[in-house]
Amino acid sequence: MRSYEKTQVFTTGQISKICQVAPRTVSKWFDTGRLRGYRIPGSNDRRVPRENLVVFMKEHGIPLGPLSLHESSKVLLVGVAEEVESELRAALPDDLFEVQYAETAFEAGSLTTAWSPHCLVIDAGIGREECEGMVRALRRALGDRAPKLIALVPADGDAAQLDTTLFDDRFRAPFDSALLAARIQHASKQATAKA
0 MRSYEKTQVF
10 TTGQISKICQ
20 VAPRTVSKWF
30 DTGRLRGYRI
40 PGSNDRRVPR
50 ENLVVFMKEH
60 GIPLGPLSLH
70 ESSKVLLVGV
80 AEEVESELRA
90 ALPDDLFEVQ
100 YAETAFEAGS
110 LTTAWSPHCL
120 VIDAGIGREE
130 CEGMVRALRR
140 ALGDRAPKLI
150 ALVPADGDAA
160 QLDTTLFDDR
170 FRAPFDSALL
180 AARIQHASKQ
190 ATAKA
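Heads up: the sequence shown runs through residues 0 to 194, numbered per numbering that gives the first Met the number 0.
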């Protein structure tokens, strides 16, 4: 299949190949307003920007196929210690991962809504109740579209009693940053494949 790495605007023919549907189906999506784009002035030709196509495919459960190969995975670190953040940023290649940081559960919720990360790494040290509440709210609001959730659980204290069944994966302190980075990569691949 052709590479669409540098393509920013797609024709209905290109979209039909990517989505593996007839060109007429793509035209119907466009004409009914489900697939957002624009018409070329003076002709019937339709064009769809890359961002609109990716959003449409994710909303309708269509695998991203050749588009996902070049989309970087988004990782949100929540309340993670500065040294751990530095180690993870060094371990996750810049060309494959975008990493952002949130200090609080509120900030993490806002960033998750606006930025749509594939994976959240949450340090339970922000507080057990705050952590569990945030995860429950994300799962309730996003359902199947919720990002992969990885908990960093301290060895002792209130946060050590965290309900780890709410998470896709967990690490108990002290943990190996290289192993955590590998798990983040695996979780991000699963999330982008699901998208």
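Every residue gets a Cβ at the ideal spot worked out from N, C-alpha and C, and that includes glycine.
- Item | Coil, strand or helix - M0 by DSSP | Reliability of the predicted coordinates at M0 is poor, the pLDDT of 49 falling under 50, and the value obtained from them is presented with this limitation in mind. M0 falls in the coil class under three-state DSSP.
- Task: Please confirm whether S187 and C130 have their CB atoms less than 8 Å apart.
- Result: no
- Task: Check each candidate in K73, V54, Q99 and name the one with the smallest Cα separation from S85.
- Result: Q99
- Message: Does the structure place the stretch 147-158 close enough to the stretch 174-188 that three or more beta carbon pairs sit under 8 Å?
- Response: yes
- Task: Thinking A172 and G126 are a contact (beta carbons under 8 Å), I'd like their distance in whole angstroms, please.
- Result: Incorrect: roughly 15 Å between the Cβ atoms, too far for contact.
- Query: Just how far apart, CA to CA, sit Y37 and M56?
  - Reply: 17 Å
- Hey, how far is the Cα of T163 from the Cα of A101? 20 Å
- Roughly how many angstroms lie between the CA atoms of P116 and D30, to the nearest whole one? 30 Å
- Message: What does DSSP give as the partner residue(s) for T10 in the beta ladder?
- Response: R46
- Query: In chain order, what residues of the same chain have a beta carbon less than 8 Å from the beta carbon of Q7, not counting five sequence neighbours either side?
  - Reply: P48, R49
- S42 versus I183 - alpha carbon distance: 47 Å
- Message: In whole angstroms, give me the CA-to-CA distance for W28 and P153.
- Response: 49 Å
- Proximal residues to D280 (C-beta, below 6 Å), its chain only, five neighbours per side dropped: Residue 280 lies beyond the stretch modelled for the chain, which goes from 0 to 194, so this question has no answer here.
- Could you check where the beta strand (DSSP E) with E97 kicks off and where it finishes? 96-101
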